[in-house]
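Numbering (the working numbering), first residue to last: 90 to 290.
Heads up, the beta-carbon is just placed ideally off N, CA and C, and yes, glycines get one too.
Input: a single structure, listed below in structure tokens.
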């Protein structure tokens with residue numbers, strides 16, 4: 090089970106459509122010398138629950154109103170872009186930095202991403218609804234890295250609300266041959282060979 094106190098900024102776990110757009114935002118910020126970096130990308134449902142509890146059942150200020158599976162982060166379709174200066178993260182938005190955040194949002198919109206009015210660092214994929222995601226209707230062209238990570242999150246979650254359906258792009262285990270099924274049903278399962286790896290457990 091993932092450690093809910095740890096954030097993940099690895100682009101590989103994002104949906105490839107979003108991954109490309111997020112990288113384009115970073116590249117544009119670099120060209121304009123805006124010191125934004127990705128603070129957090131994919132977020133497990135366990136971490137979402139952990140953050141939701143902060144300021145409610147756990148000490149600290151409230152940092153989110155989203156429960157597990159109600160944030161685009163769980164689906165690899167959102168990132169939080171935060172200022173990184175002098176080797177530290179900064180959410181400062183006073184003075185000239187107001188313009189920096191506004192420009193981040195403008196750049197994001199040109200890439201088909203939308204900001205949230207109540208969460209300045211957050212950019213998520215436009216044209217997708219959380220309802221569709223909860224029903225397992227994901228953007229097309231997902232890749233294995235994204236799908237396997239999302240599937241692992243889905244399998245690991247046992248809380249409320251229930252997990253969505255796993256992406257269907259993953260290769261399915263091939264079916265057993267009919268004669269093998271019959272032998273298994275009849276209890277005719279041959280023992281594993283002595284040199285088989287399964288014999289060691």
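- Residue 179 carries a strand assignment under DSSP once its states are collapsed to helix, strand and coil.
- A straight line joining the alpha-carbon of residue 246 with that of residue 152 spans about 21 Å.
- A direct Cα-Cα distance of roughly 29 Å separates residue 209 from residue 237.
- Counted as a single uninterrupted DSSP element, the stretch harbouring residue 143 is not any beta strand (DSSP E), since DSSP gives it neither H nor E.
- Fewer than three Cβ pairs drawn from the region 135 to 149 and the region 175 to 188 lie within less than 8 Å of each other, which leaves the two stretches out of contact.
- Between the region 93 to 104 and the region 127 to 137 there are three or more C-beta pairs closer than 8 Å, enough to call the two in contact.
- If you draw a straight line from the Cα of residue 175 to the Cα of residue 165, it comes to about 29 Å.
- Separation of residue 240 and residue 275 (C-alpha to C-alpha, rounded to the nearest whole angstrom) is 33 Å.
- About 11 Å separates the beta carbons of residue 109 and residue 214, which is beyond the 8 Å limit, so they are not a contact pair.
- In the structure shown, residue 211 falls within a strand segment according to DSSP collapsed to helix, strand and coil.
- Setting aside the 5 residues that flank it on each side, residue 255 is surrounded in the same chain by 225, 236, 239, 240, 243 and 244, each with a C-beta closer than 8 Å to its C-beta; the list follows chain order.
- In this structure, DSSP gives residue 167 an extended state, which the three-state scheme calls strand.
- Per DSSP, residue 115 is one residue of the alpha helix (DSSP H) stretching across 105 to 120.
- Looking only at 266, 219, 167 and 277, the smallest Cα-Cα distance to residue 252 is reached by 219.
- Distance from the Cα of residue 115 is smallest, within the candidate group 234, 157, 171 and 187, for 171.
- In this structure, the straight-line span from the alpha carbon of residue 125 to that of residue 118 is close to 7 Å.
- When beta bridges are read from the DSSP output, residue 204 appears opposite 212.
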